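Novice:
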């Protein structure tokens with residue numbers, strides 16, 4: 001956690017109070033944002049048959065929804081982005097726990113929506129079901145009303161003396177000059193008002209982005225194709241939908257549990273390693289999925305995958321806030337989601353294309369596992385490198401601070417010596433003057 005996270009905000013987050021109501025609102029909003037596109041996979045087989053389309057084509061439904069949620073300023077993005085940002089305004093010490101609880105909304109809603117979608121489809125068809133689901137999502141308006149701005153206690157203005165006002169004038173002048181310089185910077189200054197593009201110079205942030213681009217190519221496809229994969233093996237619709245419920249149930253407990261573990265004194269100082277492990281574990285789960293036979297094998301996969309998925313989701317934005325601090329988080333998450341929308345959009349259709357080509361799901365799971373494994377290994381190596389550099393830079397800074405303090409003390413000592421010499425000289429002159437005056 002960056003030590004300056006709280007000071008950059010200009011206030012100390014309350015770490016409780018109304019913040020827990022905000023967490024509940026984020027729980028609902030994030031739940032619908034992530035669970036809705038994944039739960040629609042229940043309808044994939046019927047929509048695929050209705051329109052006579054391939055696996056790669058039907059995969060565009062969820063991938064487009066997820067990608068626009070990540071990159072747009074419309075649709076589910078209005079649910080996701082504010083929910084992620086506002087938690088950092090209310091929490092600092094308990095932030096990993098708060099993030100874990102809020103992110104748990106996704107599996108809770110997925111475990112509910114998966115069987116609900118199957119029920120709605122049996123009674124109303126996929127067209128009628130979509131109309132009903134649209135009305136259900138309107139409950140996010142209530143959740144949004146809980147996210148009120150945090151009240152900051154401002155100190156009363158302190159009256160300044162004339163001398164203080166005189167000394168403050170150069171600061172006002174420099175501030176005006178800075179504003180003029182900012183206006184002259186043109187387009188870059190306008191962009192910086194909305195997005196902090198200086199983040200692209202942040203070493204840890206760039207490592208995070210590259211690792212996430214790799215992992216997101218294989219992140220959502222295994223969830224999107226879990227129910228179709230089960231149906232492809234001859235499993236009935238309700239049993240296939242139940243796999244999503246099992247996955248979501250494990251995910252539901254994994255997220256807050258991961259938040260609790262991440263908040264411990266042993267994990268939080270090096271939380272980037274914990275995130276790297278969770279990504280690697282995800283990749284290994286997908287690699288062993290085709291090796292697990294029958295419905296019981298899919299149940300085992302749903303359990304271990306639910307744990308792995310919950311770990312990544314609980315840490316995904318917490319590690320970003322750990323890197324850049326709460327003040328820069330909104331810009332950081334905005335830039336990250338825009339960049340990540342590419343693999344989020346292309347991942348499921350590419351995976352579906354593999355199914356179309358080989359007529360077998362195992363190659364899709366192998367590909368997703370390798371992409372996530374590559375992302376996890378990359379994050380492990382680069383985070384180790386980044387931590388080493390941060391420690392080196394911190395030591396160099398401490399040495400510089402000591403040198404500056406030493407130089408300041410030496411300068412003060414020199415000034416004191418000069419003052420003493422001046423006093424001795426004056427005293428000597430005074431004594432000489434007295435002795436001259438006393439001579440007859």
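Residue numbers (this note's numbering): 1 to 440. All C-beta atoms in this analysis are idealised placements derived from N, C-alpha and C, irrespective of residue type, glycine included. Keep in mind that this is a model prediction, so the values were computed, not measured.
Have a look at residue 113 and residue 206 and give me their C-alpha separation to the nearest angstrom.
Specialist: Numbered from 1 along the chain shown, position 113 holds the residue referred to as residue 113. Numbered from 1 along the chain shown, position 206 holds the residue referred to as residue 206. The straight-line gap from Cα to Cα measures roughly 36 Å.
Novice: Taking the beta carbon of residue 385 as the centre, do at least 16 other beta carbons fall within 10 Å, making it buried, or is it exposed?
Specialist: For the purposes of this step, residue 385 is taken as the residue at position 385 of the chain shown. Looking at its Cβ environment, which holds fewer than 16 other Cβ atoms inside 10 Å, residue 385 is exposed.
Novice: Between which two residues does the alpha helix (DSSP H) containing residue 281 stretch?
Specialist: Locating residue 281 in the chain shown gives position 281, where the first residue counts as 1. Here the alpha helix (DSSP H) through residue 281 covers 271-288.
Novice: Could you check the C-alpha separation between residue 107 and residue 247 for me, to the nearest Å?
Specialist: Start at 1 with the first residue of the chain shown, and residue 107 comes out as number 107. Start at 1 with the first residue of the chain shown, and residue 247 comes out as number 247. Approximately 8 Å, taken between the alpha carbons.
Novice: If you measure between the beta carbons of residue 323 and residue 204, is that distance less than 8 Å?
Specialist: On the chain shown, residue 323 is found 323 positions in, with the first residue counted as 1. On the chain shown, residue 204 is found 204 positions in, with the first residue counted as 1. Yes. Within cutoff.
Novice: What are the boundary residues of the alpha helix (DSSP H) that residue 93 is part of?
Specialist: Reading the chain shown from its first residue, position 93 is the one you call residue 93. Unbroken run through residue 93: none, as it is neither H nor E.
Novice: Given a cut-off of 8 Å on the beta-carbon distance, is the pair residue 280 and residue 213 in contact?
Specialist: The sequence position of residue 280 within the chain shown is 280, counting from 1. The sequence position of residue 213 within the chain shown is 213, counting from 1. No, they are not a contact pair.
Novice: Specify, as a first and last residue, the run of the alpha helix (DSSP H) that residue 295 falls within.
Specialist: Here residue 295 is taken as the residue at index 295 of the chain shown, counted from 1. First-last of the alpha helix (DSSP H) with residue 295: 294-316.
Novice: Report the three-state DSSP secondary structure of residue 18 (helix, strand or coil).
Specialist: Mapped onto the chain shown, residue 18 falls at position 18. Reduced to three states, the DSSP call for residue 18 is coil.
Novice: So what does DSSP say about residue 12, is it helix, strand or coil?
Specialist: Translated into the one-based positions of the chain shown, residue 12 becomes position 12. Coil at residue 12, not helix or strand.
Novice: Determine contact between the region 288-308 and the region 321-338, defined as no fewer than three beta-carbon pairs at a distance below 8 Å.
Specialist: Segments in contact, no.
Novice: Considering only C-alpha positions, which residue in the set 243, 309, 418 is nearest to residue 215?
Specialist: Within the chain shown, residue 215 is the residue found at index 215, counting from 1. Closest option to residue 215, Cα to Cα, is 309.
Novice: Assuming residue 284 and residue 375 make a contact with CB atoms under 8 Å, what is their CB distance in whole Å?
Specialist: In the chain shown, counting from the first residue as 1, residue 284 sits at position 284. In the chain shown, counting from the first residue as 1, residue 375 sits at position 375. Not confirmed; about 12 Å, so no contact.
Novice: Starting from residue 69, trace the alpha helix (DSSP H) both ways and give me its first and last residue.
Specialist: Within the chain shown, residue 69 is the residue found at index 69, counting from 1. Note, residue 69: alpha helix (DSSP H), 55-71.
Novice: State buried or exposed for residue 200, treating a residue as buried only when at least 16 other CB atoms are found within 10 Å of its CB.
Specialist: Position 200 of the chain shown, counting from 1, holds the residue named residue 200. The residue in question, residue 200, is exposed, as its Cβ has fewer than 16 Cβ neighbours within 10 Å.
Novice: Can you check which of these residues, 274, 373, 232, 251, is closest to residue 288 by C-alpha distance?
Specialist: Reading the chain shown from its first residue, position 288 is the one you call residue 288. Closest option to residue 288, Cα to Cα, is 373.
Novice: Starting from the C-beta of residue 30, find all residues in its chain whose C-beta is less than 8 Å away, skip the five residues before and the five after it, and write them out in chain order.
Specialist: Against the chain shown, residue 30 aligns to sequence position 30. Cβ within range, chain order: 79, 80, 83, 84, 102, 103, 105, 106.
Novice: Are three or more beta carbon pairs between the region 89-99 and the region 10-29 nearer than 8 Å?
Specialist: Contact between the region 89-99 and the region 10-29 is present, because at least three Cβ pairs lie under 8 Å.
Novice: If the criterion is Cβ atoms closer than 8 Å, does the pair residue 111 and residue 252 meet it?
Specialist: Here residue 111 corresponds to residue number 111 of the chain shown, with the count starting at 1. Here residue 252 corresponds to residue number 252 of the chain shown, with the count starting at 1. Result yes, Cβ atoms of residue 111 and residue 252 sit closer than 8 Å.
Novice: Suppose you measure from the CA of residue 74 to the CA of residue 132; what does that come to, to the nearest Å?
Specialist: Along the chain shown, read from residue 1 onward, the residue named residue 74 stands at position 74. Along the chain shown, read from residue 1 onward, the residue named residue 132 stands at position 132. Looking at the two C-alpha atoms, the distance is approximately 21 Å.
Novice: Have a look at 24, 421, 87 and flag the residue whose alpha-carbon is nearest the alpha-carbon of residue 333.
Specialist: Taking the first residue of the chain shown as 1, we reach residue 333 at position 333. If we check each option's Cα against that of residue 333, 87 comes out closest.
Novice: For residue 349 versus residue 63, is the C-beta spacing smaller than 8 Å?
Specialist: Taking the chain shown and counting its residues from 1, one reaches residue 349 at position 349. Taking the chain shown and counting its residues from 1, one reaches residue 63 at position 63. In this structure, residue 63 lies closer than 8 Å to residue 349 by Cβ.
Novice: Please say whether residue 44 and residue 228 have beta carbons closer to each other than 8 Å?
Specialist: Along the chain shown, read from residue 1 onward, the residue named residue 228 stands at position 228. Along the chain shown, read from residue 1 onward, the residue named residue 44 stands at position 44. It is a contact, given that the beta carbons lie within the stated cut-off.
Novice: Given this structure, state the Cα-to-Cα distance separating residue 355 from residue 235, to the nearest angstrom.
Specialist: In the chain shown, residue 355 corresponds to position 355, counting from 1. In the chain shown, residue 235 corresponds to position 235, counting from 1. Straight-line Cα distance between these residues: approximately 18 Å.
Novice: Return the residue from the list 295, 315, 339, 249 that minimises the CA-CA distance to residue 232.
Specialist: Looking up residue 232 in the chain shown gives position 232. Among 295, 315, 339, 249, the Cα nearest to that of residue 232 belongs to 295.
Novice: Between residue 98 and residue 25, which are expected to be in contact by the criterion C-beta below 8 Å, what is the C-beta distance as a whole number of angstroms?
Specialist: Stepping through the chain shown from its first residue, residue 98 is reached at position 98. Stepping through the chain shown from its first residue, residue 25 is reached at position 25. That pair is no contact at about 12 Å.
Novice: Quick test of your reading: residue 67 and residue 344, contact by CB under 8 Å. State the CB separation rounded to the nearest angstrom.
Specialist: Counting from one through the chain shown, the residue named residue 67 turns up at place 67. Counting from one through the chain shown, the residue named residue 344 turns up at place 344. Sure, about 5 Å apart at Cβ, within 8 Å.
Novice: Using DSSP with H/G/I as helix, E/B as strand and the rest coil, what is residue 126?
Specialist: Against the chain shown, residue 126 aligns to sequence position 126. Residue 126 falls in the helix class under three-state DSSP.
Novice: Could you check the C-alpha separation between residue 399 and residue 413 for me, to the nearest Å?
Specialist: For this step, residue 399 is matched to residue 399 along the chain shown. For this step, residue 413 is matched to residue 413 along the chain shown. Computed Cα separation, rounded: 21 Å.
Novice: What are the boundary residues of the alpha helix (DSSP H) that residue 205 is part of?
Specialist: As a working note, residue 205 is residue 205 in the chain shown. Taken as a continuous stretch (DSSP letters only), the alpha helix (DSSP H) holding residue 205 covers 203-216.
Novice: Assuming contact is defined by CB atoms lying nearer than 8 Å, are residue 65 and residue 221 in contact in what I supplied?
Specialist: Taking the chain shown and counting its residues from 1, the one referred to as residue 65 is at position 65. Taking the chain shown and counting its residues from 1, the one referred to as residue 221 is at position 221. Not in contact: residue 65 and residue 221 (Cβ atoms no closer than 8 Å).
Novice: Can you tell me the Cα-Cα spacing of residue 241 and residue 358, whole angstroms?
Specialist: The count along the chain shown starts at 1 and reaches residue 241 at position 241. The count along the chain shown starts at 1 and reaches residue 358 at position 358. Taking the straight line from one Cα to the other gives about 24 Å.
Novice: Tell me which residues share the same chain as residue 278 and place their Cβ nearer than 7 Å to its Cβ, disregarding the 5 neighbours each side in the sequence.
Specialist: On the chain shown, residue 278 is found 278 positions in, with the first residue counted as 1. For residue 278, where only same-chain residues beyond five positions count, the Cβ hits under 7 Å are 308, 311, 312, 315.
Novice: In its own chain, which residues sit with a C-beta less than 8 Å from the C-beta of residue 137, not counting the 5 before and 5 after it?
Specialist: Taking the first residue of the chain shown as position 1, residue 137 is located at position 137. Same-chain partners within the cutoff: 32, 36.
Novice: Relative to the alpha-carbon of residue 77, which residue among 337, 128, 422, 424 has its alpha-carbon at the smallest distance?
Specialist: By one-based count along the chain shown, residue 77 stands at place 77. When only C-alpha atoms are compared, the closest one is 337.
Novice: My output table needs one value for residue 28: the three-state DSSP class, helix, strand or coil.
Specialist: Here residue 28 corresponds to residue number 28 of the chain shown, with the count starting at 1. Helix, per DSSP.
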